[in-house]
Amino acid sequence: MAKIIVVTSGKGGVGKTTTSASISTGLAKHGHKTVVIDFDVGLRNLDLIMNCERRVVYDFVNVIQGEATLKQALIKDKRVETLYILPASQTRDKDALSLEGVGKVLSELAETFDYIICDSPAGIEHGALMAMHFADEAIIVTNPEISSVRDSDRILGILQSKSQRAKDGQEPVREHLLLTRYNPERVVRGEMLSVGDVEEILAIPLLGVIPESQAVLTASNQGVPVILDDSSDAGQAYEDAVARLLGEKREHRFLDTQKKGFFKRMFRG
Amino acid sequence: MSLLDYFRSKKPATASIAKERLQIIVAHERGRRDQPDYLPQLQQELIAVIRKYVQIDDDMVQVQLDKNDSCSVLELNVTLPED
Ligand SMILES: Nc1ncnc2c1ncn2[C@@H]1O[C@H](COP(=O)(O)OP(=O)(O)OP(=O)(O)O)[C@@H](O)[C@H]1O
Ligand SMILES: [Mg+2]
Chain Y
1 MAKIIVVTSG KGGVGKTTTS ASISTGLAKH GHKTVVIDFD VGLRNLDLIM NCERRVVYDF
61 VNVIQGEATL KQALIKDKRV ETLYILPASQ TRDKDALSLE GVGKVLSELA ETFDYIICDS
121 PAGIEHGALM AMHFADEAII VTNPEISSVR DSDRILGILQ SKSQRAKDGQ EPVREHLLLT
181 RYNPERVVRG EMLSVGDVEE ILAIPLLGVI PESQAVLTAS NQGVPVILDD SSDAGQAYED
241 AVARLLGEKR EHRFLDTQKK GFFKRMFRG
Chain E
270 MSLLDYFRSK KPATASIAKE RLQIIVAHER GRRDQPDYLP QLQQELIAVI RKYVQIDDDM
330 VQVQLDKNDS CSVLELNVTL PED
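As given, the protein sequences belong to chains Y and E, one line each in that order.
If you count the first sequence from 1, position 246 lands on 246 in the working numbering, and the numbers rise without skipping.
Plus 269 on top of the position in the second sequence (first one is 1) and you've got the working numbering.
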């Protein structure tokens with residue numbers, strides 16, 4: 001049966017789209033048939049990160065409104081077999097997503113896909129609620145920063161009360177914490193909340209820690225999900241997170257400052 | 270940054286302040302999350318009634334619903350001003 005995973009955060013700009021692109025690419029690389037859906041209707045960014053912006057003909061809203069079939073709207077990734085993208089509309093607004101319409105598209109996708117990744121827009125309004133409504137699991141993308149952590153806690157509250165699983169009294173949505181843009185040097189200096197701090201406050205299982213990394217920008221410039229840059233720290237951290245999502249036990253990496261960091265700081269002019 | 274700056278820059282660890290503030294606000298917001306929607310309105314009306322008899326401030330009335338297995342208890346805490 002297909003698993004629906006929402007990538008959400010409350011706060012904007014914390015790394016949801018970056019994460020959606022890498023997690024979906026990673027799952028597909030492991031051989032799972034995966035589709036990633038851009039719920040950020042009106043903005044559409046996922047297509048750029050996935051390097052398919054010039055291949056968008058129909059979008060999610062077209063499918064919901066019956067103007068195109070799923071088959072027409074789905075874009076097949078050129079790098080990874082079994083990966084598909086369902087882009088967002090740029091011309092409509094988020095209200096074009098109806099609960100009924102989203103539910104219908106998801107259940108049609110569930111017939112053929114193993115994983116459905118929903119890239120949520122920021123906020124706690126309609127678009128974000130639509131993205132999380134049918135989720136089986138949720139990846140809570142959080143930055144080690146005060147307002148991001150607070151927003152993550154609010155999103156957890158909404159998942160626990162408003163999702164379909166909550167309404168049906170089913171087993172609750174499985175929650176995963178993904179801490180991104182982590183900077184161990186600043187943590188050591190006491191300037192940034194540590195992984196332990198954030199875990200203690202949010203009290204949900206840790207899926208991974210993605211370091212603040214140059215590689216993310218370099219990758220997005222080229223339309224490559226950073227997980228495909230397997231020489232980079234962020235790419236490897238995402239690969240670890242995907243393996244954990246699939247049930248593997250892996251040590252968390254990139255949590256400590258590099259040893260040379262101290263000397264670098266000392267001798268830098 | 271030079272070696273000297275590195276040892277000189279003993280700024281206070283602001284992360285621990287952030288953590289403390291987060292723990293307080295998150296606990297507060299979680300408590301409120303489980304409360305029924307009518308509670309703020311109920312609190313306002315209770316304050317209005319009590320004010321007919323005693324001068325009190327808004328924050329001197331606390332209303333809270335505690336749910337047990339068998340029943341729910343509405344807890345009302347009113348602090349009266351000293352006279
Ligand atoms: N680990 C990281 N290291 C460095 N930069 C990062 C990292 N993760 C994300 N970024 C950068 O942060 C910015 C926002 O990322 P992204 O678009 O993924 O966030 P978002 O949560 O989807 O934003 P929105 O709320 O607007 O949808 C981008 O410029 C991205 O390159
Ligand atoms: Mg985004």
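Glycine included, every Cβ here is placed at the ideal spot set by N, Cα and C.
message = My assumption, with CB atoms under 8 Å, is that residue 283 of chain E sits in contact with residue 196 of chain Y. Please give the rounded CB distance.
response = About 16 Å separates the two Cβ atoms, so there is no contact after all.
request  = Compute the distance between the beta-carbons of residue 17 of chain Y and residue 114 of chain Y, then report whether it is under 8 Å.
outcome  = No, Cβ-Cβ distance for residue 17 of chain Y and residue 114 of chain Y is not below 8 Å.
inquiry  = What would DSSP say about residue 211 of chain Y, mapped onto helix, strand or coil?
reply    = The DSSP-derived three-state label of residue 211 of chain Y is strand.
key: Positions along the region 149–162 of chain Y whose CB lies within less than 8 Å of some CB in chain E   = Cβ contacts with chain E: 149, 150, 153, 154, 157 and 161.
request  = Note down, in chain order, every chain E residue with its Cβ under 9 Å from the Cβ of residue 169 of chain Y.
outcome  = None at all; the shortest Cβ gap to chain E is about 16 Å.
inquiry  = By the 8 Å beta-carbon criterion, what residues does the region 323–346 of chain E contribute toward chain Y?
reply    = So the list is empty, because no residue satisfies the distance condition.
key: Neighbouring residues, chain E, relative to residue 193 of chain Y (Cβ below 7 Å)   = By Cβ distance, chain E contributes 284, 287 and 288.
Beta-carbon spacing of residue 82 of chain Y, residue 33 of chain Y below 8 Å = Yes, Cβ-Cβ distance for residue 82 of chain Y and residue 33 of chain Y is below 8 Å.
request  = Output the distance between the C-alpha atoms of residue 294 of chain E and residue 15 of chain Y, rounded to the nearest integer angstrom.
outcome  = If you draw a straight line from the Cα of residue 294 of chain E to the Cα of residue 15 of chain Y, it comes to about 24 Å.
query = In chain order, what residues of the same chain lie with their CB nearer than 8 Å to the CB of residue 261 of chain Y, ignoring the 5 residues before and after it?
reply = Per-residue confidence for residue 261 of chain Y stands at a pLDDT of 48, beneath the threshold of 50, marking its modelled position as unreliable; no derived number is given.
inquiry  = Against chain B, which members of the region 288–305 of chain E pass a CB distance test of less than 8 Å?
reply    = Considering every chain present, this structure includes no chain B. Its protein chains are Y and E.
query = Within this structure, are the beta carbons of residue 21 of chain Y and residue 61 of chain Y separated by less than 8 Å?
reply = No; because the gap between Cβ atoms is not below 8 Å, this pair is not in contact.
inquiry  = One question on the structure: do residue 137 of chain Y and residue 173 of chain Y come within less than 8 Å of each other, judged by their Cβ atoms?
reply    = Yes, the Cβ-Cβ distance between residue 137 of chain Y and residue 173 of chain Y is below 8 Å.
message = Considering only their Cβ atoms, is the gap separating residue 63 of chain Y from residue 70 of chain Y smaller than 8 Å?
response = Their beta carbons are under 8 Å apart, which means residue 70 of chain Y touches residue 63 of chain Y by this criterion.
inquiry  = Using a 10 Å radius around the Cβ and a threshold of 16 neighbouring Cβ atoms, would you call residue 301 of chain E buried or exposed?
reply    = Counting Cβ neighbours within 10 Å, residue 301 of chain E comes out exposed, since fewer than 16 surround it.
inquiry  = Would the region 200–219 of chain Y count as touching the region 144–158 of chain Y if we require 3 or more Cβ pairs under 8 Å?
reply    = Inter-segment contact for the region 200–219 of chain Y and the region 144–158 of chain Y is present: three or more beta-carbon pairs are separated by less than 8 Å.
key: Nonlocal neighbours in the same chain, by C-beta distance under 7 Å from residue 209 of chain Y, ignoring five residues either side   = 179, 182, 195, 237, 252, 254 and 255.
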